[in-house]
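One rule links them: number in this note's numbering = place in the sequence shown (from 1) + 303. Glycine residues also receive a C-beta, built at the ideal position from the N, C-alpha and C atoms. Since the structure is predicted, the reported quantities are computational estimates derived from the model, not experimental observations. Just below is one structure, and these are the notes that go with it.
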Amino acid sequence: MRYLAAEVQAENCRTEGSFSEIWGIITMLHAMGAKRRASLLIACTALTIPTMVAAQDAELEKADEGLAGEIIVTATKRNESLQRVPVSVSAFSGEQINRLGISETTQITQQIPALRVNAWSPNLTIFSLRGISQSNFTDNLEAPVAVYQDNAYIASMNALAGQLFDIKRVEVLRGPQGTLFGRNATGGLIHYLSEDASRDDFNGYVQGEYGRFKDRSIEAAVGGPLLEGVRFRAAARVEKADGYIKSRDTDATDLGFGIIPGSGQDLGGKNGWAARLNIQADLSPDAKLSLWYKHSEDNHVATGGYAFENCDFLPNGFCDTNAAGLSDATNGVLNGITGNPASPYEHFGERPGRLDRVMNSYQGQLDWALGDVELTLITNYLEMDKRYAEDGDALPLVIVNVDSAVDFRQFSQEVRLSGDTDMLKWQVGAYYLDMKYDGNHAVTGAPITDLAIAGNGGFSLPTVDQLYKIDSKNWSLFAQGDLHLTDELSLTLGGRYSKDNKSIDYVNVLSDPTFAAQPDPIVLFTDQDLAAVVPGVNRERYGDWAARVSLNYQVTPDTLLFASWNRGIKGGNWSLSSNIAPQGFRHRPETLNSLEGGFKTSLLDRSLRLNGTVFHYMYDDYQAFSLAGGVPQVFNSDARSTGAELEAFWSPSKNFDAVLGATWQTSKVDSIPGTVQQSAPEVFPGAPDSQYCVNNSGVFTCTFPQTTIRDAKFPNSPKHSFNYLLRYNVDVAEGNIAAQIDGVWYDDQFLEVTNGLGSLQKSYNVTNVSLTYRHDRTGISLTAWGRNVFDKQYRAYVLNLGILGVTALYGPPATYGATLRIPFGAN
């Protein structure tokens, strides 16, 4: 009777009461310093602990339905049973997330078929859904997998934090979702819904965790009534960890260089905190106002480095490549100076990287029932300031350094009307999004030596700063309806028209202060110079439409069949690259037409929930990211993909739960440009030429004959995958013990769309285990856990740098620890 709750039913209890100065509370919090905000939120929670009372039996009874029970989702912007929504959706409730011991984004993606996450650095979170992703690391791009938090779109991939705490539900929608959720949802959508202030009773919890590499965190939440008809919910989390990738010096004594020191900074650590406050007020029996303030920080996080791997060294000191300029070696992790084998959990870079980031979000949502029509207004303002430094070459020499900074501001407004009749469920709305970027992306070292020679006649340690300002505005109108043709048959029709208006101010500046001949910075080119060659390349005015048509057949109360066509759209943008040509500066919008069919059914007296989907994608102008030759750029190409997913939730008894999922997918990207040309300074004086590279007075120029890569596979898209979770619980000693094993297996996959063998990740399996004791009367739980218990080495992120080898970041090794959770109040 203590196993995973599956029903998540939104509470709609609304009572009339007073409401005043709610925004004043949030404004007061923002006016405080960051440390005072965190102290206030955590102390507020801590002060409630002396009033802790026993957990109520109601929550434990709610858990009796098991994983196969009903779960309510908002995939169509309505509260509906997951089994009645004709969309490929996976969802986990907050209760399930807590019971499964999930505290990071990576963990939950393991249990959602076709979803991958590249959280290779806290600087950037890249989601891949059915192989659709945007792996470009520059700050100005939006992802094709849209991320929403509490009904508000998060436009910047830099503004996605990896911490999961006090979560009500996570929903993942596969396939284009542009009709209801707008542009940039071609690949699908991920929606994080936080616990809010909807409960009238006093409740909360405190949780602490400690694990290997001194990975420690504490989180807390408290909620309840403030005044009659006014409630609050406050939550916060602090986490710190040492790095699991250790800095090492390079012993190059045999080469005559002695000991070359590393940075002394371990990578993969954590140092951040986040907090949020929600206040809800019942303005009347028919109107509810919900106000949010969210804050998060990452402070001096040790990041920005890689392992060096997959390099067959040539006599000139560079790495061998194929005819397209990509490393095809598969000889594993190396010390890039000595060539000796190394551990993937060691790095030899000499430069300490770092991340500093601060985010604030303010949001208001009004839900107002106007007779048979409901009005929803959602207003959000988000601001983020980020500074990032990286040693990009994985060597104890200055070969490639990357520095970026961005101040990002986002304002959005959604207005939506919805209603139901006997024949039709409908909604119409309008959306506005205003984004502003003010940033700099700087590259130092080998990738820009040709620019330094062209601009200064030589080089010492050149840097190109790319200063940019982007102003982006979007508006859209949308409508969707479900028409009941019969009691069993319905037709969904939806459409959205979206209009983008973007502009960029861009300056490319070369500086080399230690180069005697030209110590002063010089402007290489601006957006105006590029526009003189390709008129309008610094502006983007784009209008397009998204659509959905779905035929849905409710065969029985427990079985749904559906077939759909969806058209998704994603706007164009700019490739920020120090060596960009005018024709490649702006990439075109992409369009995805998706054909999809599926079923959802409950079997064995509803103890088994089984859902399956097949799909076929037809891409026009698919936006593919390539770092061929060390130059980041997004290219357009047509693409195709076909696949299927199967997902099962089984609770045959009160003591056992199982989650099983499987995927199959093939894909083809028509054409991607190869490296064509790459330059780098000689490794040692008089280094000899190689097959594709010529030494021109100390600078190598490499020309590669294969200019196009054809029929490439999507990155992060294994042909097969299989996820699993088995959990058994038994009542003992005034409580319950639950043992769990879970994990995921991935087939071979390329981690870059260029498909170089150096970027091929062979198949691997990650398995996690846990053992939890939960006390009946108090609800206190203690969990011992292990993650990646078989210590599988796998790469989370890869960059194929051609003659400079391959840099990679590996996922964490085996880790272990314990989590203590103490609920109080009505929890």
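- Between Ser940 and Ile883, the gap from beta carbon to beta carbon reaches 8 Å or more.
- Judged by DSSP secondary structure, Phe560 falls outside any alpha helix (DSSP H); it is assigned neither H nor E.
- Just so you know, the alpha carbons of Ala538 and Ile1040 end up roughly 28 Å apart.
- The three-state reading of DSSP puts Gln399 in helix, counting H, G and I together.
- Non-local beta-carbon contacts of Pro892 in its own chain, meaning distances under 7 Å to residues more than five positions away in sequence, involve Tyr845, Asp847, Ile872, Lys873, Gly874, Gly875, Asp924 in chain order.
- Around the CB of Gly758, 16 or more other CB atoms lie within 10 Å, so the residue is classed as buried.
- Beta-bridge partners assigned by DSSP to Gln980: Thr1006.
- Taking C-beta separations shorter than 6 Å and ignoring five residues to either side along the sequence, the partners of Ala458 in its chain run Glu445, Gln713, Met738, following chain order.
- Of all C-beta pairs linking the segment 1020-1028 to the segment 646-663, fewer than three are shorter than 8 Å, placing the two stretches out of contact.
- Note on geometry: alpha-carbon atoms of Arg799 and Phe484 lie some 9 Å from one another.
- Within the same chain, and ignoring the five residues on either side of Trp778 in sequence, the residues whose Cβ sits closer than 6 Å to its Cβ are Tyr735, Lys802.
- With fewer than 16 other Cβ atoms from the protein chains shown falling within 10 Å of its own Cβ, Phe560 counts as exposed.
- Fewer than three beta-carbon pairs drawn from the segment 1030-1039 and the segment 980-995 are found closer than 8 Å, and the two stretches are therefore not classed as touching.
- Look at the beta carbons and you see the segment 694-705 touching the segment 1094-1111: at least three pairs across the two are nearer than 8 Å.
- Asn574 carries a strand assignment under DSSP once its states are collapsed to helix, strand and coil.
- Excluding its 5 nearest sequence neighbours in each direction, Ile1083 has C-beta neighbours in its own chain below 6 Å: Ile1125, listed in chain order.
- The three-state secondary structure of Ser1062, taken from DSSP, is helix.
- Within the same chain, and ignoring the five residues on either side of Leu669 in sequence, the residues whose Cβ sits closer than 6 Å to its Cβ are Leu592, Leu680.
- Gly946 and Arg433 do touch by the CB rule: their CB atoms are close to 6 Å apart, below 8 Å.
- Annotation: Val836 is outside any beta strand (DSSP E); the continuous alpha helix (DSSP H) that includes it extends over 830-836.
- Per the DSSP secondary-structure output, Gly732 pairs in a beta bridge with Arg719, Phe781.
- By the Cβ criterion, the segment 847-866 is in contact with the segment 898-910, since at least three pairs of Cβ atoms, one from each stretch, lie closer than 8 Å.
- At the C-beta level, Leu854 and Phe865 come within 8 Å of one another.
- Following the DSSP letters along the chain, one finds Phe952 inside the beta strand (DSSP E) bounded by residues 936-956.
- For the pair Glu498 and Lys471, the CB atoms are nearer than the 8 Å cut-off.
- Relative to the Cα of Val541, the nearest Cα in the group Ser599, Thr441, Ser956, Pro588 belongs to Ser599.
- Residue state for Asn914 is assigned as strand, using DSSP reduced to three classes.
- Rounded to whole angstroms, the separation of the alpha carbons of Leu1029 and Pro955 is 12 Å.
- The residue from Thr1057, Ala983, Ala931, Val1047 with its alpha-carbon nearest to that of Asn619 is Ala983.
- A direct Cα-to-Cα measurement between Gln410 and Pro816 gives close to 46 Å.
- As summarised for the segment 416-485, the continuous alpha helix (DSSP H) elements at least 4 residues long and confined to that stretch are 481-484, given in chain order.
- For Asn1071, the uninterrupted beta strand (DSSP E) run begins and ends at 1067-1078, by DSSP.
- Looking at the backbone, the Cα of Gln936 and that of Trp868 are separated by about 31 Å.
- The Cβ atoms of Ala524 and Gln583 do not sit closer than 8 Å to each other.
- Here Arg1013 is exposed. Its C-beta has fewer than 16 other C-beta atoms within 10 Å.
- Ranked by Cα distance from His494, the options Asn454, Phe468, Asp503 are led by Asn454.
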